[in-house]
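In our numbering, the protein residues as written are 3 to 206.
Don't be surprised by glycine CBs; every beta carbon is placed ideally from N, CA and C.
Structure, as structure tokens:
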């Protein structure tokens with residue numbers, strides 16, 4: 003029995019060491035507040051999208067075009083967000099940025115906001131279905147859509163300056179508000195972000 007017990011000790015020690023190593027290599031997950039700022043890679047992230055959209059929408063709503071429109075038309079302008087093109091060196095999900103812009107515009111209460119072209123197609127399909135299947139009292143007729151007065155468009159550009167493990171990432175976000183009646187540009191906004199990133203040394 004003593005021999006068996008002694009021979010089992012090294013195996014148990016190996017198993018304990020293996021369990022310790024596996025525990026040390028296990029993935030750790032910590033929950034964060036969704037508005038907490040975290041920048042691991044230096045790439046464009048959710049914090050950049052949120053802060054840029056908040057600042058640029060605050061600026062566009064403070065400019066003369068909105069007061070001029072109210073004075074001329076007597077009501078709030080209707081706005082739609084068009085395409086924001088990613089012309090940067092990295093993959094950026096511009097949909098989240100467009101949604102951030104839309105949220106800030108809608109929640110401001112200063113403009114009417116209409117659905118995008120893709121969203122409108124789905125809504126129109128629903129109206130067709132209602133015309134065929136819904137009661138007359140509950141149908142929403144076609145031809146009553148609210149047309150947009152202005153479209154917000156933009157681009158995201160980057161400049162990357164790299165030397166060794168150090169790099170400077172420069173982002174420039176340009177947005178333009180265009181009158182759909184006559185193609186006038188009534189507002190141009192620009193936001194710049196610069197990040198200094200130092201890469202970790204590769205261990206041999």
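- Contact between residue 198 and residue 164 fails: their C-beta atoms lie close to 12 Å from each other, not under 8 Å.
- With 16 or more other Cβ atoms from the protein chains shown falling within 10 Å of its own Cβ, residue 94 counts as buried.
- Boundaries of the alpha helix (DSSP H) around residue 48: 48–62.
- Between the segment 147–157 and the segment 166–185, the count of C-beta pairs closer than 8 Å reaches three or more; the two stretches touch.
- Annotated three-state conformation of residue 192 is strand, per DSSP.
- In the DSSP annotation of this structure, the continuous segment of the alpha helix (DSSP H) that includes residue 98 starts and ends at 96–110.
- Shortest Cα-Cα distance from residue 45 to any of 62, 90 and 65 involves 90.
- The three-state secondary structure of residue 84, taken from DSSP, is strand.
- Within a 10 Å sphere around the beta-carbon of residue 51 sit 16 or more other beta-carbons, which makes this residue buried.
- Across the structure, residue 108 and residue 187 are spaced so that their CA atoms are roughly 21 Å apart.
- The shortest C-alpha to C-alpha distance from residue 64 to any of 166, 203, 191 and 196 is the one to 191.
- With contact defined as three or more Cβ pairs closer than 8 Å, the segment 75–82 and the segment 111–125 are in contact.
- Burial state of residue 127 is exposed, judged by a 10 Å Cβ sphere holding fewer than 16 other Cβ atoms.
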